[in-house]
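Before any comments, here is the structure.
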Amino acid sequence: MSVHVYRPIRILRRVVPAYPANGLLAGAIRSRPGISTRLFDHDITYTIRTFCVSPHCQSGHNKWSKIRHDKGKKDANKANSFSKISEQITEYTKRYGSDPKTNGRLKLLLEQAKKSGMSGTSLENAIKRGQGLSISGKPLETVNIEGMTQEGVSFIVECITDNKLRTLQDVRLIINKAGGKLTPVSYLFVKHPYMHLTGPEDLSPESQTAALEDPVLALPIEYVGLLPGETSTWEARVEYSEPPMQLVEDMQKILPEGWSITKTGLKYYPSDHVQVDDDSEAGDAFRNFVEKLEDCSDVSEIYSNLRWSSYEPPKHEIALTD
């Protein structure tokens with residue numbers, strides 16, 4: 001009589017054979033050491049249950065999460081940098097022409113933009129805006145839409161468009177949905193030319209104020225203040241209601257070394273203000289209204305006479321009076 005000795009086998013997966021209705025096993029697979037496994041001619045069905053183990057991820061300890069947040073910050077900074085370069089390209093194209101061969105400042109800006117990775121399409125569009133053209137090459141025109149919110153806040157929406165009718169329809173729809181109304185309010189504002197003066201970032205606000213005193217006194221400037229959230233860019237408000245063409249050139253000549261004019265234009269300054277609480281329903285409604293307007297591609301600027309309850313006067317400014 002022969003005796004077969006089987007070695008214990010460590011089972012890694014549980015295999016359960018299926019039985020037919022008569023209770024008999026349809027087929028079998030039997031494995032023994034040293035003996036080949038033979039499959040019967042009958043079909044066999046197995047149900048296999050596997051176990052899956054995954055590592056426990058803790059909040060804040062995911063490597064990709066950190067990379068994603070860091071990348072988001074870098075992308076936001078890059079977009080902000082591209083926006084500033086684009087504005088300067090548009091500005092210098094408007095003032096000195098679109099040919100880099102005769103416009104040295106534009107040439108330097110284009111070189112800077114290419115080194116920073118700005119696309120050629122974005123550069124072309126910035127130059128076209130400076131020439132008064134849309135992306136499609138159609139001439140652009142400025143459209144102002146005036147109105148008032150339900151809370152009595154007056155606003156002027158400045159649009160730059162190549163299709164006036166389309167822009168009017170889009171902006172009016174946003175105003176109507178917000179519960180506002182179209183009404184003349186420009187008499188509540190004063191239009192003044194302005195210039196943005198940008199200086200060295202390593203200078204303190206006090207040193208920047210001292211550096212701007214002489215240029216401001218030499219020209220018809222009525223107010224200069226550090227822009228909110230900025231460390232080296234100031235807004236100078238011109239006394240006249242229309243921009244004298246020579247004023248920008250005169251300012252550039254007498255600015256201290258390291259300073260430049262980064263933006264010029266016309267702005268509507270409110271004669272009086274309507275105060276709104278930051279945390280009120282009216283405040284939330286106005287913020288949502290402005291967000292909807294900013295989503296409209298034709299909207300260039302939004303002016304209002306709203307003043308938030310948390311407003312604090314600028315700490316660094318130069319106010320000139322006769």
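Once you know that position 131 of the sequence shown is 131 in the UniProt record's numbering, the rest is easy, because the numbers rise by one and skip nothing.
For each residue, glycine too, the CB sits at the ideal point set by N, CA and C.
Every value quoted in this text rests on a predicted model; they were computed, and no experiment measured them.
8 Å contact criterion, which residue i and residue j should meet: CB distance rounded
| i | j | result |
| --- | --- | --- |
| E124 | T142 | That pair is no contact at about 21 Å. |
| V276 | S232 | Their Cβ separation, rounded to whole angstroms, is 30 Å, which puts V276 and S232 out of contact at 8 Å. |
| S260 | T198 | 6 Å |
Residues of its chain near residue i, where Cβ-Cβ distance is below 8 Å and the 5 sequence neighbours each way are ignored
| i | result |
| --- | --- |
| D144 | Sequence check: residue 144 is Asn here, not Asp. The answer, listed in chain order, is I156, V157, E158, C159, S186. |
| P100 | L106, K107, L110 |
| V248 | R95, M195, I261, T264 |
| V274 | E151, G152, V153, S154, N305, L306, R307 |
| E312 | none |
| Q88 | L109, T262, K263 |
| L182 | I145, E146, G147, R172, I175 |
| R287 | none |
Option in the options with minimal Cα separation from residue i
| i | options | result |
| --- | --- | --- |
| S86 | K101, E111, T102 | E111 |
| T262 | E206, D278, Y194, C296 | Y194 |
| T209 | L226, D298, K114 | L226 |
| R172 | F289, G97, Y311, N103 | F289 |
| K94 | C296, G265, G283 | G265 |
| Q252 | E291, D272, L212 | L212 |
| P220 | A236, S98, E230 | A236 |
| G130 | L165, T90, T121 | T90 |
| K164 | L182, N176, K138 | K138 |
| D272 | V190, S280, D202, K84 | V190 |
| D202 | N176, E230, L182 | E230 |
| K292 | K84, N176, A113, T121 | N176 |
Sequence-distant residues of its chain with Cβ nearer than 6 Å to residue i (five each side left out)
| i | result |
| --- | --- |
| Y92 | R105, L106 |
| P200 | G258 |
| F82 | M118 |
| S304 | V153, F155 |
| H316 | P205, T209, L226 |
| W234 | L197, V224, L226 |
| P215 | I254, L255 |
| N103 | Y96, G97 |
| C296 | D170 |
| A282 | E151, V276 |
Beta-carbon gap between residue i and residue j smaller than 9 Å
| i | j | result |
| --- | --- | --- |
| I254 | A218 | yes |
| residue 403 | G147 | Because the chain in this structure spans residues 1 to 322, residue 403 falls outside the shown range and cannot be described. |
| P270 | L188 | yes |
| A285 | A126 | no |
| Y240 | H196 | no |
| P228 | P314 | yes |
| E294 | K267 | no |
| D298 | D170 | yes |
Own chain residues within Cβ distance below 7 Å of residue i, not counting five before or after
| i | result |
| --- | --- |
| residue 407 | This structure does not reach residue 407, given that the chain is present from 1 up to 322, and the question cannot be answered. |
| A319 | Y223 |
| Q150 | G179, G180 |
| D278 | W308, S309, S310 |
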